[in-house]
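First up is the structure itself, then whatever we jot down about it.
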Amino acid sequence: MLAQAVECYLAGMKPGEQRRNLLAAGVREEAANFVHDHLADVSVDEMADLRQRVQFYRDDKARRDGRSTTLGGLS
């Protein structure tokens with residue numbers, strides 16, 4: 038649940054909106070508050086670093102997906 042919340046946060050969803058959505062989906066208030074508090078405590082610099090790492094891995098995966106995995110003519 039927290040990983041999905043971070044993905045949504047990276048996509049631009051605000052912690053308060055996520056909390057409301059979690060509550061509407063039937064998540065316990067304690068869990069929704071935990072997710073909200075965790076995301077609200079992340080600094081702007083930490084989030085920028087995380088976005089850069091996500092983009093790096095996204096670019097790296099795309100680059101690797103485009104090349105052959107055959108080594109020395111063997112499959």
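Under the numbering used here, the sequence shown has 71 at position 34, and the numbering climbs by one with no breaks. Just so you know, even glycine gets a beta-carbon here, dropped at the ideal spot from N, CA and C.
| request: Please report the residue range of the alpha helix (DSSP H) in which V64 lies. | output: Along the sequence shown, one-based indexing puts residue 64 at 27. In the DSSP annotation of this structure, V64 is not part of any alpha helix (DSSP H), being labelled neither H nor E.
| request: Leaving aside the five residues before and after H73 along the sequence, list all residues of the same chain whose C-beta is less than 6 Å from its C-beta, in chain order. | output: Taking the first residue of the sequence shown as 1, we reach residue 73 at position 36. Closer than 6 Å at the Cβ level, and outside the excluded window around H73, lie P52 and R56.
| Roughly how many whole angstroms lie between the Cα atoms of M38 and G103? | Here residue 38 refers to the residue found at position 1 of the sequence shown. Here residue 103 refers to the residue found at position 66 of the sequence shown. Their backbone Cα atoms lie some 31 Å apart in a straight line.
| query | Given that a residue counts as buried once 16 or more other Cβ atoms are within 10 Å of its Cβ, and exposed if not, what is A85? | reply | Locating residue 85 in the sequence shown gives position 48, where the first residue counts as 1. Around the beta-carbon of A85, fewer than 16 other beta-carbon atoms lie within 10 Å, marking it exposed.
| request: Tell me, to the nearest whole angstrom, how far the beta carbon of A69 is from that of L59; I am working on the premise that it is less than 8 Å. | output: Counted from its first residue, the sequence shown places residue 69 at position 32. Counted from its first residue, the sequence shown places residue 59 at position 22. About 4 Å separates the two Cβ atoms, so the contact holds.
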